[in-house]
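Presented below is the structure to which this report refers.
Protein chains: 2
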Amino acid sequence: MSDFSATKKMFSLPAGMIYLDGNSLGPLPLGAQAKMDHVLHNEWGEMVITGWNRAGWIDAPTRIGNRIAKLIGAPENHVVMGDTLSLKVYQALASALELRPGRRVILSDSGNFPSDLYMAQGLINSLGKGHELKVVKPEEVEAAISNEVAVLMLTEIDYRTGRRHDMDALTAKAHSIGALTIWDLAHSAGAVDVDLSRANADFAVGCTYKYLNGGPGAPAFIYVAPEHIDHARPALSGWLGHTAPFAFDLDYRPASGIDRMRVGTPPILAFAALDAALDIWDMVSMADVRAKSLELGDRFIAGIEAQCDMLTLATPRDHEKRGSQVSFRFEHGYAAMQALIEHGVVGDFRAPDIMRFGFTPLFIDEDDVNEAVAIVAEVMRGALWDNPRFQKRSKVT
Amino acid sequence: MSDFSATKKMFSLPAGMIYLDGNSLGPLPLGAQAKMDHVLHNEWGEMVITGWNRAGWIDAPTRIGNRIAKLIGAPENHVVMGDTLSLKVYQALASALELRPGRRVILSDSGNFPSDLYMAQGLINSLGKGHELKVVKPEEVEAAISNEVAVLMLTEIDYRTGRRHDMDALTAKAHSIGALTIWDLAHSAGAVDVDLSRANADFAVGCTYKYLNGGPGAPAFIYVAPEHIDHARPALSGWLGHTAPFAFDLDYRPASGIDRMRVGTPPILAFAALDAALDIWDMVSMADVRAKSLELGDRFIAGIEAQCDMLTLATPRDHEKRGSQVSFRFEHGYAAMQALIEHGVVGDFRAPDIMRFGFTPLFIDEDDVNEAVAIVAEVMRGALWDNPRFQKRSKVT
Chain A
346 MSDFSATKKM
356 FSLPAGMIYL
366 DGNSLGPLPL
376 GAQAKMDHVL
386 HNEWGEMVIT
396 GWNRAGWIDA
406 PTRIGNRIAK
416 LIGAPENHVV
426 MGDTLSLKVY
436 QALASALELR
446 PGRRVILSDS
456 GNFPSDLYMA
466 QGLINSLGKG
476 HELKVVKPEE
486 VEAAISNEVA
496 VLMLTEIDYR
506 TGRRHDMDAL
516 TAKAHSIGAL
526 TIWDLAHSAG
536 AVDVDLSRAN
546 ADFAVGCTYK
556 YLNGGPGAPA
566 FIYVAPEHID
576 HARPALSGWL
586 GHTAPFAFDL
596 DYRPASGIDR
606 MRVGTPPILA
616 FAALDAALDI
626 WDMVSMADVR
636 AKSLELGDRF
646 IAGIEAQCDM
656 LTLATPRDHE
666 KRGSQVSFRF
676 EHGYAAMQAL
686 IEHGVVGDFR
696 APDIMRFGFT
706 PLFIDEDDVN
716 EAVAIVAEVM
726 RGALWDNPRF
736 QKRSKVT
Chain B
346 MSDFSATKKM
356 FSLPAGMIYL
366 DGNSLGPLPL
376 GAQAKMDHVL
386 HNEWGEMVIT
396 GWNRAGWIDA
406 PTRIGNRIAK
416 LIGAPENHVV
426 MGDTLSLKVY
436 QALASALELR
446 PGRRVILSDS
456 GNFPSDLYMA
466 QGLINSLGKG
476 HELKVVKPEE
486 VEAAISNEVA
496 VLMLTEIDYR
506 TGRRHDMDAL
516 TAKAHSIGAL
526 TIWDLAHSAG
536 AVDVDLSRAN
546 ADFAVGCTYK
556 YLNGGPGAPA
566 FIYVAPEHID
576 HARPALSGWL
586 GHTAPFAFDL
596 DYRPASGIDR
606 MRVGTPPILA
616 FAALDAALDI
626 WDMVSMADVR
636 AKSLELGDRF
646 IAGIEAQCDM
656 LTLATPRDHE
666 KRGSQVSFRF
676 EHGYAAMQAL
686 IEHGVVGDFR
696 APDIMRFGFT
706 PLFIDEDDVN
716 EAVAIVAEVM
726 RGALWDNPRF
736 QKRSKVT
């Protein structure tokens, strides 16, 4: 078992706060300061333009992509960093649709993060070729995989409920009828034991500011399976995805391999913090993280259910079917979460009634969970939910 | 006249280096450290997720956009930050083509930066509607503006020669036949006195890591003119461009105003360095910067032409027709630039034969120019260009 007491000491955690929102924004790794200072002074300051070669900036998107690859079961040199998750969704989807030219349906579910759906809508409008975004309920996805489907585009773990899709089974079903898959790992990378190779996933995308702790707005990543990468046309065909950027050709020719999914100049300062965050991930095994996170989640569920009968569990109890967060439904969830935050338990609220708590063993331990349970119980018992003050605050503004 | 001796002290400039490559990557502003420390510790570290509201992260793209707007003659709340320049080109072009549905030609020139052309090629392929990217020589652009043109897409200042297009005249000509304009300000923002409002530009895009000194991979910006912004469909329609992101609707509805051009989560750490860089811009007037940069360029041209007859000026002499860089053609330019860099004069080389030198008064003064001229002259005189050693190094690798 990895020593999580060691990793906890590697984060800056605000005093008096039990931070159960690492699924939204991970906390500051203490190593970020030194990495950032180095990049600012020893690289940017001293090398200026020559940093692109001397400090290896130009290769950072694939170097860091390889660090992420290890955490999501991807082979080396098949993950590259850049841009934001939404843009990586767009790249994956545009490529996938072209690989299935005879089909018109993008299948997704109502548990997908809205931005993925928005990007798909934007792409469909641009293409003007009659593609349809079909959004079903999460539990109806499997049955909806028909041979009209070009791409199954899902977020593995529901951002509200924490429900986890069966990536292996859904990918196999999609492949059985000739569809491709795009898996959004926003709530998976660093949270659960993802194995893209085992699942035969075609495309995967994710962000690094949640469980991976890369910092606010940290860059995204994209994975393309080996069998597709040299056929996938990068719709966002930028300079650094060109096979010979410094030839300054007027015509685009994609690089071989995952480099073609690069677009513009990579965000070097953001990579400094992300590198520090990934140093912590090098100390642990994903299997240990997953086992511990389930244990913490179970402890929280048991504690809350024993003391707060107004809260209804929204997350599946089954370990196989959940991610690394635990959510409860509560009519006055918005006001309740505000009250919890005031009392030092920081989770978050997602409309219409979800109170969401993230558990990540890297910096949350049993004592934190016990204390969080006690505070939640006290706040929930003490609050007068019929009081107009709380009802007023129940509105999302 | 602004006091440029004051601004020069606000940068970290490597000892023994005359840095004439700020047109590729600006140097480190000394204030970046304090801003970054603040964002790392006082914001990310202490506020964690609440930084999105308490530290104003969520509004940073428009707040910083307004700082840039002042430098490029744009009205308030019409510039927003995010992503990379290539992606902003894609957004502008996709929007512009939809605003001119009956036309099929995107007109650009061979002086445009290749990435802009690549993004256009990628978009055309995705659309599959028979659009044509027509690339003419820079001097042929005006004559090529016909009523088939949907969009005139140009980089105002040529990245190799420093030749400046007449934005006002070309925009007026484009408008006269019903075409829209997209101006790439990569080598303009912070370099010349851009006035988007006066020029009636429709769209403009730019990066912040060159003359603006925002750091390697600093975020890009996009401007959309007031008359278009509420009609421009953001093809890259992400979560933070939605009119109500936190309603988590399943359907995209664009925000009013420039916010619709936002896509994903903004890069907060990169903004810290950029904010520090923009503090320096608050101390000067763009008119003073422009006047001084032309003076420095003239001084360099005169010095080189007096002493280095093997170098041929590639930059227009006319002040109206050039940006803030000076370029010379030389057959062995690659090897010569390597030799110059070894002797402390850092410019850069662009294929096939351009030696490029950027002049920015914020940190380059007359003494630097005089010294640079002396070193260039000495290196050029001393080097044996017929020597096989140099000929070998003349190849771009």
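Read top to bottom, the protein sequences are chains A and B.
Residue 346 is where the first sequence starts when you use the numbering used here, and the numbers rise one by one after that.
Residue 346 is where the second sequence starts when you use the numbering used here, and the numbers rise one by one after that.
For every residue, glycine included, the Cβ atom is placed at its ideal position computed from N, Cα and C.
Restricting attention to alpha helix (DSSP H) runs no shorter than 4 residues, the stretch 372-397 of chain B encloses them at 377-382, ordered along the chain. Residues of the stretch 365-383 of chain A with a Cβ closer than 8 Å to any Cβ of chain B, in chain order: Asp366, Ser369, Leu370, Pro372, Leu373, Ala377, Gln378, Met381 and Asp382.
The criterion of a C-beta distance shorter than 9 Å is satisfied by Ser672 of chain B and Gly507 of chain B. Here His510 of chain A is buried. Its C-beta has 16 or more other C-beta atoms within 10 Å.
Tyr463, Met464, Gln466, Gly467, Leu468, Asn470, Ser471, Leu472, Gly473, Lys474 and Val480: these are the residues of the stretch 463-480 of chain B whose beta carbon lies less than 8 Å from some beta carbon of chain A, given in chain order. Listed along chain A, the residues sitting closer than 9 Å to Pro611 of chain B by beta-carbon distance are Thr429, Pro561 and Gly562. Nearest neighbour of Leu452 of chain B by Cα position, chosen from B:Thr526, B:Asp503 and B:Met355, turns out to be B:Thr526. Using beta-carbon distances, Gly727 of chain A does not count as an interface residue toward chain B, since no partner is under 9 Å. Measuring C-alpha to C-alpha distances from Ile567 of chain A to each of A:Thr352, A:Ile720 and A:Ser431 identifies A:Ser431 as the nearest.
Contacts between Glu391 of chain A and chain B, judged by CB atoms closer than 7 Å, involve Pro359 in chain order. Cα atoms of Ser491 of chain B and Leu472 of chain B: separation of roughly 22 Å, rounded to the nearest angstrom.
Within the stretch 434-468 of chain B, the residues whose Cβ lies closer than 7 Å to some Cβ of chain A are Tyr435, Ala439, Ser455, Pro459, Ser460, Leu462, Tyr463, Met464, Gln466 and Gly467, listed in chain order.
At a cut-off of 9 Å, the C-beta of Pro579 of chain A has a neighbouring C-beta in chain B. Judged by DSSP secondary structure, Met655 of chain B falls outside any alpha helix (DSSP H); it is assigned neither H nor E. Judged by DSSP secondary structure, Thr516 of chain A falls within the alpha helix (DSSP H) whose first and last residues are Met512 to Ser521. When DSSP states are grouped into helix, strand and coil, Pro571 of chain A belongs to the helix group.
In the assembly as shown, Asp513 of chain A is an exposed residue. Its beta-carbon has fewer than 16 other beta-carbons within 10 Å.
In this structure, the straight-line span from the alpha carbon of Ala531 of chain A to that of Gln652 of chain B is close to 60 Å. Put simply, the backbone Cα of Arg662 of chain A is about 29 Å away from that of Ile625 of chain A. DSSP places Gly551 of chain B in the uninterrupted beta strand (DSSP E) bounded by Phe548 to Gly551. Counting only the Cα atoms, Ala565 of chain B lies some 13 Å from Asn411 of chain B.
Here the alpha carbon of Glu487 of chain A sits roughly 16 Å from the alpha carbon of Glu665 of chain A.
Within 10 angstroms of the beta-carbon of Lys474 of chain B lie fewer than 16 other beta-carbons, which makes it exposed.
Counting only residues of its own chain and dropping the five nearest sequence neighbours on each side, Trp584 of chain B has a CB closer than 6 Å to the CB of Pro590. Listed in chain order, the alpha helix (DSSP H) runs fully inside the stretch 676-710 of chain A are 678-687, counting runs of at least 4 residues.
With the criterion set as a beta carbon lying under 8 Å from some beta carbon of chain B, the members of the stretch 690-716 of chain A are Val691, Asp693, Arg695 and Ala696, in sequence order. Restricting attention to A:Val569, A:Tyr463, A:Val721 and A:Arg674, the CA atom closest to the CA of Arg598 of chain B is found in A:Tyr463.
Taking a C-beta cut-off of 9 Å against chain B, the contacting residues of the stretch 505-534 of chain A are Arg505, listed in chain order. Following the DSSP letters along the chain, one finds Thr500 of chain B inside the beta strand (DSSP E) bounded by residues Val494 to Thr500. Contact check for Arg644 of chain B against Val714 of chain B passes: the beta carbons are separated by less than 9 Å.
Using a Cβ distance threshold of 9 Å, Phe702 of chain B and Ala719 of chain B do not count as a contacting pair. At least one CB of chain B lies nearer than 9 Å to the CB of Ile394 of chain A. The count of Cβ pairs closer than 8 Å, one atom from the stretch 613-630 of chain A and one from the stretch 371-382 of chain A, reaches three, so the stretches are in contact. Taking 9 Å as the cut-off, the beta carbon of Gln670 of chain A is found closer than this to the beta carbon of Gly642 of chain A. Here Ala618 of chain B really is in contact with Ala377 of chain B; their C-beta atoms are around 4 Å apart, less than 8 Å. When DSSP states are grouped into helix, strand and coil, Phe566 of chain A belongs to the strand group.
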